[in-house]
Amino acid sequence: MADTLADLAAQLRIDSIRCTTAAGSGHPSSSMSAADIMAVLFQKYLRFDFQQPKAPNNDRFVLSKGHACPVLYSAFKAAGAIDDRELLTLRKFGSRLEGHPNPHVLPLVDVATGSLGQGLAVGVGMALGARMDGLPFRTYVLMGDSETAEGSVWEAFDKASHYGLDNLCAIIDVNRLGQSRETELGWNLEAYAARVRAFGWNALTLDGHDLDAIDRAFAEAQAKKGQPTCLICKTEKGRGSSLIANHDGWHGKPLPEDKAKDAIRELGGERQVRIQVKKPEALKATVQDKASDLVLPVYEVGQKEATRKAYGDALLALGNARPDVVALDAEVSNSTYANEFQKAHPKRYFEMFIAEQNMVSSAVGLAVLGKKAFVSTFAAFLSRAYDQVRMAAISNATVHLCGSHAGVSIGEDGPSQMALEDLAMMRAVGGSTVLYPSDANQTAKLLAQVVERQGITYLRSTREKTPVLYPATEEFPIGGSKVLRQSDEDVATVVAAGITLHEALKAYEALKKDGIAVRVIDLYSVKPVDAKTLRKAARETLGRLIVVEDHWAEGGLADAVLEAFTGERERLPTVVRLAVTKMPGSGKPAELLDAAGIDAGHIVEAVTSLREATTARGGDGRGRPSDNAWGHTNA
Numbered sequence: 001m002a003d004t005l006a007d008l009a010a011q012l013r014i015d016s017i018r019c020t021t022a023a024g025s026g027h028p029s030s031s032m033s034a035a036d037i038m039a040v041l042f043q044k045y046l047r048f049d050f051q052q053p054k055a056p057n058n059d060r061f062v063l064s065k066g067h068a069c070p071v072l073y074s075a076f077k078a079a080g081a082i083d084d085r086e087l088l089t090l091r092k093f094g095s096r097l098e099g100h101p102n103p104h105v106l107p108l109v110d111v112a113t114g115s116l117g118q119g120l121a122v123g124v125g126m127a128l129g130a131r132m133d134g135l136p137f138r139t140y141v142l143m144g145d146s147e148t149a150e151g152s153v154w155e156a157f158d159k160a161s162h163y164g165l166d167n168l169c170a171i172i173d174v175n176r177l178g179q180s181r182e183t184e185l186g187w188n189l190e191a192y193a194a195r196v197r198a199f200g201w202n203a204l205t206l207d208g209h210d211l212d213a214i215d216r217a218f219a220e221a222q223a224k225k226g227q228p229t230c231l232i233c234k235t236e237k238g239r240g241s242s243l244i245a246n247h248d249g250w251h252g253k254p255l256p257e258d259k260a261k262d263a264i265r266e267l268g269g270e271r272q273v274r275i276q277v278k279k280p281e282a283l284k285a286t287v288q289d290k291a292s293d294l295v296l297p298v299y300e301v302g303q304k305e306a307t308r309k310a311y312g313d314a315l316l317a318l319g320n321a322r323p324d325v326v327a328l329d330a331e332v333s334n335s336t337y338a339n340e341f342q343k344a345h346p347k348r349y350f351e352m353f354i355a356e357q358n359m360v361s362s363a364v365g366l367a368v369l370g371k372k373a374f375v376s377t378f379a380a381f382l383s384r385a386y387d388q389v390r391m392a393a394i395s396n397a398t399v400h401l402c403g404s405h406a407g408v409s410i411g412e413d414g415p416s417q418m419a420l421e422d423l424a425m426m427r428a429v430g431g432s433t434v435l436y437p438s439d440a441n442q443t444a445k446l447l448a449q450v451v452e453r454q455g456i457t458y459l460r461s462t463r464e465k466t467p468v469l470y471p472a473t474e475e476f477p478i479g480g481s482k483v484l485r486q487s488d489e490d491v492a493t494v495v496a497a498g499i500t501l502h503e504a505l506k507a508y509e510a511l512k513k514d515g516i517a518v519r520v521i522d523l524y525s526v527k528p529v530d531a532k533t534l535r536k537a538a539r540e541t542l543g544r545l546i547v548v549e550d551h552w553a554e555g556g557l558a559d560a561v562l563e564a565f566t567g568e569r570e571r572l573p574t575v576v577r578l579a580v581t582k583m584p585g586s587g588k589p590a591e592l593l594d595a596a597g598i599d600a601g602h603i604v605e606a607v608t609s610l611r612e613a614t615t616a617r618g619g620d621g622r623g624r625p626s627d628n629a630w631g632h633t634n635a
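full-length UniProt numbering numbers the first residue of the sequence shown as 1 and each following residue consecutively.
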């Protein structure tokens, strides 16, 4: 067996050289340091059915140091999952073997990696899912030493220990050399071990090129109960090639063809080692709640309720109906109302404390296992996990985010707690869905649709209690909007969502008393946006749109509205933006909405100003332009 493992490790190194040299780019040296670890893991410990990569009881492997994917692809070749011809397409346009692993094109991997420091948190989610489902599979995460400088790594170490995840094994490939210099700790394995142990893990230090030592370490990790285990492996970057082994300046550089040939000869020449990765037992989840009919909460029109409370109520309803729904929160569940779910379904609720980066990545790990993962915290604090959200989208993961306490309307807590960039942030995520409900029934109906929505979804909820506008029978298709007020005499359209919709309705009543009619649109679906309704409103209200939002002027509701007119080169509407433009402070919600210029009074002023400007240009006296021409401005 030792000879077979040595041959396999040599082949993994050779194939890592071959495919990166063929590509003219890549990371052979980072792959070569991990080859012995990968050989032992794939030959002896990993249980995986390559014909059914999503089988429930497959062990999970996460290559957190995603740049070392040549060694992973080489292991796939050795296992017969890909052939040599495909291996040599590494990094080429149209290849499944991208420069970092990506499940969009390669279903053999679960998540996209490469933004370092996230793989262990994904592994935490996978290990939690295995325990929840009563399945014996194990999760392995191979990390680089450089990425342990990321705080998100230690969030994951902490949460794995907190939950006693003895089905999780982390491996740190300590090859000493980073991209530009020696890593912070170099080869000080005891420093790594002390940190890992301080976070409650079983830590093993070893020579990462000693096949017997690696074998013993994996066996001990498998037998350890009550604690996760971390293998801290001393390795050489570029191991096997005297030209690059333990030499700086070779990170992310392929060997030229002549040097590659020399390295392959030094490694004993090409060979054709094949391994049979053992398949797991064909098991399915044994611990699962029963499914039932969905019964959404119902709120009476006119009663006051916060949409954040409706989120919690609807999440509970989804959890009651569906055993695949799980919830994660960052120690604010009594504000997001995810605690209602926690009380009813404690085994499907995961408290991540104030560690939002780990929370999002762990949700991705759960989503990989087929769970409908709902993540909630204050919207402002999702900004620190934005890279994790971005990588979740690249991973083709489905994760449902809810950000509460958004905008100046939260009041006295001040700007550190006010998400004012979240709509822009989430709209920019590839393939995302962004929703901003204005009342409780709408929130519940949207959440019932979100559970079946693919990709990253974001629902923005409001802290303040606001009147229920819609009956529980109303439907709110994603991608739609609601026209709440309209007439043939409308001189402008006011577009709002969430808290500002209530201000728009107040403004409507004030303008009505003065004989001025306006249309009011509830743009609850920010992405995708209802372009058809917006274009119709622009045509019928003289091309005047006033967009009011509790958000910075950049990237939010108004920009979503303008995108509805993409491609229309003539008769573009006049769009007036009422948005937050100055840094807010503390105060009562009404004071802050007024100070930001986004309350009912400022909407009235905006409509009046538009009419007066039109009259001054020769309108018909009612504020209607005589030639019905549209302008295009951004105020």
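A virtual CB, placed ideally from N, CA and C, is assigned to each residue, including glycine.
Bear in mind that the values here come from a model prediction, so they are computed numbers and not experimental data.
I'd like the list of long-range same chain contacts for residue i, defined as Cβ closer than 7 Å, with 5 residues on each side in sequence excluded.
| i | result |
| --- | --- |
| residue 671 | The chain is shown from 1 up to 635; residue 671 falls before or after that span and cannot be answered. |
| Ala338 | Gly312, Leu315, Ala327, Asp329 and Ser376 |
| Ala149 | Glu184 |
| Val526 | Leu423, Arg427, Val434, Leu435, Tyr436, Ala497, Leu557 and Ala560 |
Tell me which residues share the same chain as residue i and place their Cβ nearer than 6 Å to its Cβ, disregarding the 5 neighbours each side in the sequence.
| i | result |
| --- | --- |
| Glu59 | The sequence given here places Asp at residue 59; Glu does not occur at that position. So the list reads Leu46, Arg47, Phe48, Phe137 and Arg138, once near-sequence residues are dropped. |
| Leu268 | Looking at the sequence provided, one finds Gly at residue 268 rather than Leu. Closer than 6 Å at the Cβ level, and outside the excluded window around Gly268, lie Ala10. |
| His502 | Thr466 |
| Val368 | Asp110 |
Where residue i and residue j are concerned, what is the direct C-alpha to C-alpha distance, given to the nearest angstrom?
| i | j | result |
| --- | --- | --- |
| Glu612 | Arg485 | 22 Å |
| Ala635 | Leu610 | In this predicted model, Ala635 has a pLDDT of only 42, less than 50, meaning its place in the structure is not dependable enough to derive any value. |
| Ala419 | Phe218 | 45 Å |
| Asp522 | Ala560 | 13 Å |
| Gly621 | Ile516 | Unreliable positioning characterises Gly621 in this predicted model, as indicated by a pLDDT of 45, which lies under 50. The coordinate reading is nonetheless provided below. About 12 Å. |
| Ala385 | Gly117 | 12 Å |
| Ala567 | Gly319 | It is worth fixing the name first, because residue 567 is Gly in this sequence and not Ala. Near 43 Å, if we compare the C-alpha coordinates of Gly319 and Gly567. |
| Val468 | Val604 | 23 Å |
| residue 673 | Thr433 | Outside the modelled stretch of the chain, which goes from 1 to 635, sits residue 673, for which no answer is possible. |
| Asp530 | Gly480 | 5 Å |
| Leu88 | Lys278 | 26 Å |
| Leu97 | Gln342 | 41 Å |
| Val332 | Gly134 | 28 Å |
| Asp422 | Ala507 | 26 Å |
| Ala606 | Val518 | 12 Å |
| Gly178 | Gly144 | 9 Å |
So, is the C-beta of residue i closer than 7 Å to a C-beta in chain C?
| i | result |
| --- | --- |
| Ala380 | No chain C appears in this structure, which consists of one protein chain only. |
How far does the alpha helix (DSSP H) with residue i in it extend, from its first residue to its last?
| i | result |
| --- | --- |
| Met391 | Tyr386 to Ile394 |
| Ile499 | Ile499 to Lys513 |
| Val429 | No alpha helix (DSSP H) holds Val429; DSSP gives it neither H nor E. |
| Leu592 | Pro589 to Ala596 |
| Val518 | Where Val518 is concerned, there is no enclosing alpha helix (DSSP H), given that its DSSP letter is neither H nor E. |
What would DSSP say about residue i, mapped onto helix, strand or coil?
| i | result |
| --- | --- |
| Tyr45 | helix |
| Trp154 | helix |
| Arg485 | strand |
| Asn202 | strand |
| Tyr299 | coil |
| Phe374 | strand |
| Ala579 | strand |
| Asn634 | Note on Asn634: pLDDT 40, under 50, position unreliable in the model; no value is reported. |
| Pro70 | helix |
| Arg535 | helix |
| Lys225 | coil |
| Thr307 | helix |
Which residues mark the beginning and the end of the beta strand (DSSP E) in which residue i is found?
| i | result |
| --- | --- |
| Tyr140 | Thr139 to Gly144 |
| Glu549 | Arg544 to Trp552 |
| Lys234 | Thr229 to Lys234 |
| Lys259 | Where Lys259 is concerned, there is no enclosing beta strand (DSSP E), although the alpha helix (DSSP H) it sits in stretches over Glu257 to Glu266. |
| Val111 | Run containing Val111: none; DSSP gives neither H nor E here. |
| Arg60 | Arg60 to Leu63 |
| Lys527 | Ser525 to Lys527 |
Does the stretch 208-218 come close enough to the stretch 152-160 to have 3 or more Cβ pairs within less than 8 Å? no
Please determine if the stretch 246-256 and the stretch 19-36 are in contact, where contact requires at least 3 C-beta pairs separated by less than 8 Å. yes
Decide yes or no for the touch test of the stretch 138-152 against the stretch 117-124: beta carbon pairs closer than 8 Å, at least 3 of them. yes
Between the stretch 531-540 and the stretch 476-493, do at least 3 Cβ pairs fall closer than 8 Å? yes
Count the CB pairs spanning the stretch 446-460 and the stretch 386-404 that are closer than 8 Å, and state whether there are at least three. yes
Please determine if the stretch 401-420 and the stretch 280-287 are in contact, where contact requires at least 3 C-beta pairs separated by less than 8 Å. no
I'd like to know if the stretch 299-313 and the stretch 77-90 are in contact, where contact means that at least 3 CB-CB pairs between them fall below 8 Å. no
Quick one: any contact between the stretch 164-178 and the stretch 219-235, if contact means 3 or more CB pairs under 8 Å? yes
Answer yes if the stretch 289-304 comes into contact with the stretch 357-368, meaning at least three C-beta pairs across the two stretches below 8 Å, and no otherwise. no
Pairing CB atoms from the stretch 583-599 with CB atoms from the stretch 403-414, are three or more of them under 8 Å? yes
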